[in-house]
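Right, one structure below, let's go through it.
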Amino acid sequence: MPEPVNPVTPVTFPPAFLWGAATSAYQIEGAVREDGRTPSIWDTFSHTPGKTAGGETGDIAVDHYHRYRDDVALMAELGLGAYRFSISWSRVQPTGRGPAIQRGLDFYRRLVDELLAKGIKPAVTLYHWDLPQELEDAGGWPERDTALRFAEYAGIVGEALGDRVEQWITLNEPWCSAFLGYGSGVHAPGRTDPVATLRAAHHLNLAHGLGASALRAAMPARNHVAVSLNSAAVRAVSDDPADVAAARKIDDLANGVFHGPMLHGAYPETLFSATKSVTDWSYVLEGDLTLINQPLDALGLNYYTPALVGAADPESSAGARADGHGQSDHSPWPAADDVEFHQTPGERTEMGWTIDPTGLHELIMRYTREAPGLPLYITENGAAYDDKPDPDGRVHDPERIAYLHGHLRAVRRAIAEGADVRGYYLWSLLDNFEWSYGYGKRFGAVYVDYATLARTPKSSAYWYGQAARTGALPPLTGTE
1 MPEPVNPVTP VTFPPAFLWG AATSAYQIEG AVREDGRTPS IWDTFSHTPG
51 KTAGGETGDI AVDHYHRYRD DVALMAELGL GAYRFSISWS RVQPTGRGPA
101 IQRGLDFYRR LVDELLAKGI KPAVTLYHWD LPQELEDAGG WPERDTALRF
151 AEYAGIVGEA LGDRVEQWIT LNEPWCSAFL GYGSGVHAPG RTDPVATLRA
201 AHHLNLAHGL GASALRAAMP ARNHVAVSLN SAAVRAVSDD PADVAAARKI
251 DDLANGVFHG PMLHGAYPET LFSATKSVTD WSYVLEGDLT LINQPLDALG
301 LNYYTPALVG AADPESSAGA RADGHGQSDH SPWPAADDVE FHQTPGERTE
351 MGWTIDPTGL HELIMRYTRE APGLPLYITE NGAAYDDKPD PDGRVHDPER
401 IAYLHGHLRA VRRAIAEGAD VRGYYLWSLL DNFEWSYGYG KRFGAVYVDY
451 ATLARTPKSS AYWYGQAART GALPPLTGTE
């Protein structure tokens with residue numbers, strides 16, 4: 001359970017700690033047919049009946065493509081020191097291959113220049129789930145060629161922006177791309193094939209390694225290359241050996257499948273044995289693990305809620321489907337029908353995710369041990385609530401403030417225990433298109449009226465902005 005909070009005890013962070021916010025291209029940009037951009041898998045998926053809540057799409061999203069100057073001015077007004085955003089691959093390479101469209105790159109050049117002019121450090125994520133549709137038509141992430149195309153794309157963007165952007169992230173949450181996109185089908189491209197899931201995972205790993213190498217070849221040596229993983233804090237529901245074994249299986253499928261090759265140059269042997277009924281892993285070619293295991297300058301961790309698992313009841317057919325990632329008749333977890341997910345205790349956000357900052361502390365300390373000397377950033381953390389303006393037009397969200405306070409205290413506790421955490425990116429700057437949930441889940445510190453697209457900072461935005469300006473968490477009292 002979360003540690004007790006004394007609301008008046010000052011919690012201060014190191015002077016160089018980076019305070020930022022994060023977004024992704026498809027969730028905020030809109031302008032999906034402008035300046036040469038072509039459809040991504042999320043354009044196709046969201047326009048497919050039944051795939052998103054209410055059939056909602058990112059066609060307009062929150063129109064950041066046209067309003068980016070106002071959004072950057074808002075970041076500066078709040079006092080943010082950094083902004084993490086993603087590049088729309090199909091805005092840069094409409095077919096996922098070949099020469100860049102300069103009009104697409106020009107948008108990101110303008111955005112970076114605007115950020116730098118306001119004293120805000122840009123952090124670029126190359127891939128946040130929006131694969132060009134033509135590459136999916138050619139097989140998508142289950143095919144090796146997609147990783148090769150990603151390396152080409154990485155080099156193009158690195159060359160275009162590397163003189164002004166120092167912080168780079170290759171992939172955001174490759175687990176979601178592989179396991180939700182090709183396993184459960186609740187994310188684009190909506191496929192439900194356990195073999196394709198694991199093939200996609202490997203080729204995303206390969207894309208990371210090849211992309212990191214391409215970035216370094218295209219950019220100044222001072223720049224930093226990282227990856228953002230949504231590593232799970234996996235806990236066994238009991239100390240029964242069957243429950244412990246179930247937790248180990250999910251840990252391999254959620255964590256080891258990515259951090260094994262990326263950080264250690266090897267997949268867990270237990271992953272191979274657990275999935276042998278699904279695949280023989282013959283697509284892992286000689287030399288792949290060396291290509292994947294590139295030196296990293298930092299590791300990004302995305303965290304929302306822990307996972308509580310145990311051995312499935314033999315009489316139950318639910319298996320690993322109750323995973324908290326949306327409704328599907330298909331499990332995202334290959335070869336895990338013998339695993340059952342349990343609801344963790346405690347208060348929940350509008351996503352149904354349990355609020356437990358101890359899971360974030362647990363992950364930070366795990367990677368402090370697993371990758372000693374590797375700096376860490378919290379590249380996503382936040383909560384969805386049912387935010388509504390008051391009659392006076394202000395948006396009060398004390399629940400989000402309490403959420404952020406608890407999780408930032410967990411980060412500070414980890415720093416005190418020796419973890420090298422360099423920064424925190426709140427998810428998200430703006431209310432936006434929340435993937436298959438459409439516009440029904442609001443993660444933003446800034447409220448967006450979807451009818452007018454007007455922006456209104458919530459009370460959490462001002463609270464977080466004060467933390468960013470002072471390097472200390474404001475007390476929970478007096479935030480409203």
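Each residue of the sequence shown is one higher than the one before, starting from 1 at the first, in UniProt numbering.
Note that CB positions come from ideal geometry on N, CA and C, so glycine has one too.
How should Pro314 be labelled, buried or exposed, when 16 other C-beta atoms within 10 angstroms of its C-beta is the threshold for buried? The residue is exposed, with fewer than 16 neighbouring Cβ atoms inside 10 Å.
Please work out which residues of its chain come closer than 7 angstroms, Cβ to Cβ, to Leu105, disregarding the five sequence neighbours upstream and downstream, and give them in chain order. The beta carbon of Leu105 sits closer than 7 angstroms to the beta carbons of Val92, Ala160 from its chain, once the five residues preceding and following it are set aside; these are given in chain order.
Name the residue from Arg109, Ala207, Lys458 whose alpha carbon lies nearest to the alpha carbon of Phe258. Ranking the options by Cα distance to Phe258, first place goes to Ala207.
Whole alpha helix (DSSP H) elements within the region 35-114, 4-residue minimum: The alpha helix (DSSP H) runs lying completely inside the region 35-114 and spanning 4 residues or more are 41-46, 64-78, 89-92, given in chain order.
Return the residue from the list Asp63, Gly209, Gln343, Lys441 that minimises the CA-CA distance to Thr52. Nearest C-alpha to Thr52 among Asp63, Gly209, Gln343, Lys441: Lys441.
Start and end of the beta strand (DSSP E) containing Asn255? Element bounds for Asn255: n/a, residue is neither H nor E.
Status (buried if at least 16 other CB within 10 Å, exposed otherwise) for Pro261: Buried, by the Cβ-count rule.
Limits of the beta strand (DSSP E) - the one that Leu374 falls within: No beta strand (DSSP E) contains Leu374, which DSSP labels as neither H nor E.
Counting only the same chain and skipping the five closest in sequence on each side, list residues whose C-beta sits under 6 angstroms from that of Val395. The answer, listed in chain order, is Asp387, Pro389, Tyr447, Thr456, Lys458.
Kindly indicate which residue of Val421, Ala117, Leu476 has the alpha-carbon position closest to the one of Thr368. Considering only alpha carbons, the answer is Val421.
Alpha carbon to alpha carbon, how far is Arg248 from Ala151? Give it in angstroms, no decimals. When only Cα atoms are considered, Ala151 and Arg248 end up about 32 angstroms apart.
Whole-angstrom C-beta distance between Glu347 and Ile355, which should lie under 8 angstroms: That pair is a contact at about 5 angstroms.
Which first and last residues belong to the beta strand (DSSP E) in which Ala307 is found? The continuous beta strand (DSSP E) containing Ala307 extends over residues 307-311.
Measure from the alpha carbon of Arg109 to the alpha carbon of each residue in Ser460, Thr305, Phe85, then state which is nearest. Put simply, of Ser460, Thr305, Phe85 the residue whose alpha carbon is nearest the alpha carbon of Arg109 is Phe85.
Less than 7 angstroms between the beta carbons of Gly20 and Tyr83, yes or no? It is a contact, given that the beta carbons lie within the stated cut-off.
Counting Cβ pairs, one atom from each stretch, are 3 or more of them under 8 angstroms apart for the region 214-221 and the region 302-313? Short answer: they don't touch.
For Tyr367, which beta-bridge partners are listed by DSSP? DSSP lists no partner for Tyr367.
Taking C-alpha atoms, which residue in Tyr267, Glu350, Ser273, Leu376 lies nearest to Gly418? The option with the nearest alpha carbon to Gly418 is Leu376.
With DSSP as the reference, label Ile150 as helix, strand or coil. Checking the sequence, you will find Phe at residue 150 rather than Ile. Residue state for Phe150 is assigned as helix, using DSSP reduced to three classes.
Please report the distance separating the alpha-carbon of Leu426 from that of Leu408. Going by the C-alpha atoms only, they are around 10 angstroms apart.
How far does the alpha helix (DSSP H) with Leu204 in it extend, from its first residue to its last? Residues 194-218.
Residue burial classification, Pro14 (beta-carbon count within 10 angstroms, cutoff 16): With fewer than 16 Cβ atoms within 10 Å of its Cβ, Pro14 is classed as exposed.
Is the number of C-beta pairs between the region 126-146 and the region 194-209 that are closer than 8 angstroms three or more? The region 126-146 vs the region 194-209: in contact.
Using three-state DSSP, classify Trp175 as helix, strand or coil. Three-state result, Trp175: helix.
In whole angstroms, what is the alpha-carbon distance linking Gly265 and Leu476? Rounded to the nearest angstrom, the two C-alpha atoms are 44 angstroms apart.
Rounded to whole angstroms, what's the CA-CA distance from Arg97 to Gly162? Just pull it up for me. If I take the Cα positions, the gap works out to 20 angstroms.
Using the rule of at least 16 other Cβ atoms within 10 Å of the residue's Cβ for burial, across every protein chain shown, is Arg103 buried or exposed? Under the 10 Å beta carbon count, Arg103 is surrounded by fewer than 16 other beta carbons and is classified as exposed.
Which stretch, first to last residue, makes up the beta strand (DSSP E) that contains Val225? Start and end: 224-229.
DSSP three-state label for Gly300, please. It is a strand residue.
Measuring only the C-alpha atoms, how far is Ser24 from Leu374? For Ser24 and Leu374, the distance between alpha carbons rounds to 25 angstroms.
Taking the runs of the alpha helix (DSSP H) that are 4 residues or longer, which of them lie wholly in the region 397-426? Annotation note: the region 397-426 contains the following uninterrupted alpha helix (DSSP H) runs of length 4 or greater, listed N- to C-terminal: 398-416.
Compare the beta carbon distance of Asp288 and Pro268 with 7 angstroms and say whether it is the shorter of the two. No, the pair does not count as a contact, with Cβ atoms beyond the cut-off.
Buried or exposed: Gly423, going by 16 or more other Cβ atoms within 10 Å of its Cβ? Flag for Gly423 reads buried.
So, helix, strand or coil for Ile169, using DSSP? When DSSP states are grouped into helix, strand and coil, Ile169 belongs to the strand group.
Spatial neighbours of Gln133 within its chain, please: C-beta separation below 8 angstroms, excluding the five flanking residues on both sides. If we look at Gln133 and ignore the five residues flanking it on each side, its Cβ neighbours are Thr38, Pro39, Ser40, Ile41, Asp43, Thr44, Ser90.
To the nearest angstrom, report how far apart Asn172 and Leu229 are at their CA atoms. Computed Cα separation, rounded: 6 angstroms.
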